[in-house]
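Worksheet: one structure, shown below.
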Amino acid sequence: MSDTAIRDAISQAIAENDIILFMKGTPDHPACGFSARTVATLQALETPFTAVDVLPDPRIRQELSALSNWPTIPQLFHKGELLGGCDIVTEMYESGELAGTLGVDAPADAPDDAPEAAGPLPAAPLGIENRLG
Amino acid sequence: MPSAEEVKTRIEAAIPGAEADVQTADEVHFSATVRAGAFDGLSRVQQHRLVMDVFDGELGGAIHALALKTEVP
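Protein chains in written order, with the numbering used here: chain A, -7 to 125; chain B, 95 to 167.
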């Protein structure tokens, strides 16, 4: 698949899915603490969402960031618009704004604080030190 | 490896009137709260972009993660 085809596929996925999360790993097996936390926050609202794993091909992340002008993963989109990454989603959840924006009723037993990701956070990826100047 | 002070200085130099409070335990993962009048009227995404643009190309590299909270004074 060419880079353009990847970018087109990403645009189409964003256009076709009301709530779509680009993440590292999958909702069941998130590969990064920030992705895990964002998934847990959406799950606390019991809202269905589409998830895309960016890890299988580095070009997915590259083209997504070029498209969204947002350098980091995860990225949550609602009706075609970037809502933000983990920090913004967490902040919006805790202010009660996230449920309203997504158009869902927060469950009565939803915690006030955004849930921490289930299980221990993965350690920082190996190899990052090699990139330090 | 950037220090918390260096990250703070760079944010404050790049965004006029910004005040940044930066924490790091390992000089790879950073957490910053940034207050700036320049954020007024911007969406959260636009506010975060202003800060992340300061570290263009370094996020995910030397700065593995920057947890960010933005505030309008």
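Where is the CB? At the ideal position from N, CA and C, for every residue including glycine.
Exercise. What residue from Pro167(B), Asp147(B), Glu165(B) has the CA that sits closest to Pro63(A)'s CA?
Worked result: Asp147(B)
For this session: Provide the residue span of the alpha helix (DSSP H) that contains His21(A), from first to last.
Result: No alpha helix (DSSP H) holds His21(A); DSSP gives it neither H nor E.
For this session: Give a yes or no on whether 9 Å exceeds the smallest Cβ distance from Lys182(B) to chain A.
Result: No answer is possible for residue 182(B): the residues shown for chain B start at 95 and end at 167.
For this session: Determine the burial state of Ser(-6)(A): buried for a count of at least 16 other Cβ atoms within 10 Å of its Cβ, exposed for fewer.
Result: exposed
Problem set entry | At least 3 beta-carbon pairs within less than 8 Å: the stretch 68 to 81 of chain A vs the stretch 9 to 24 of chain A | yes
Exercise. Any contact of the stretch 34 to 52 of chain A with the stretch 119 to 137 of chain B, i.e. 3+ C-beta pairs under 8 Å?
Worked result: no
Exercise. In chain A, what lies closer than 8 Å to Arg143(B) by C-beta?
Worked result: Asn61, Trp62
Exercise. Any idea if Ser27(A) is buried or exposed, counting beta-carbon neighbours within 10 angstroms, 16 or more meaning buried?
Worked result: buried
For this session: Could you name the residues of the same chain whose beta carbon sits closer than 8 Å to that of Ala132(B), not counting the 5 residues immediately before and after it, in chain order?
Result: Ile109, Pro110, Gly111, Ala112, Leu144
Exercise. Is Pro96(B) buried or exposed, if buried means 16 or more other CB atoms sit within 10 Å of its CB?
Worked result: buried
For this session: Determine which residues of the stretch 79 to 103 of chain A have a Cβ less than 8 Å from any Cβ of chain B, and write them out in chain order.
Result: Asp79, Ile80, Glu83, Met84
Problem set entry | Through-space distance from Asp150(B) to Glu106(B), alpha-carbon basis | 15 Å
For this session: With a threshold of 16 other CB atoms inside 10 Å of the CB of Ala130(B), please say whether the residue is buried or exposed.
Result: buried
For this session: Go ahead and label Val166(B) buried or exposed: buried means 16 or more other beta carbons lie within 10 angstroms of its beta carbon, across all protein chains shown.
Result: exposed
For this session: Starting from the beta carbon of Leu34(A), find every residue of chain B whose beta carbon is closer than 9 Å, and list them in chain order.
Result: Within chain B, no residue comes near Leu34(A); the closest Cβ sits about 17 Å away, beyond 9 Å.
Problem set entry | Assigned secondary structure, Glu73(A) (DSSP; H/G/I helix, E/B strand, else coil) | strand
Exercise. How many angstroms separate the CA atom of Glu89(A) from the CA atom of Ala1(A)?
Worked result: 30 Å
For this session: Have a look at Ser60(A) and His21(A) and give me their C-alpha separation to the nearest angstrom.
Result: 24 Å
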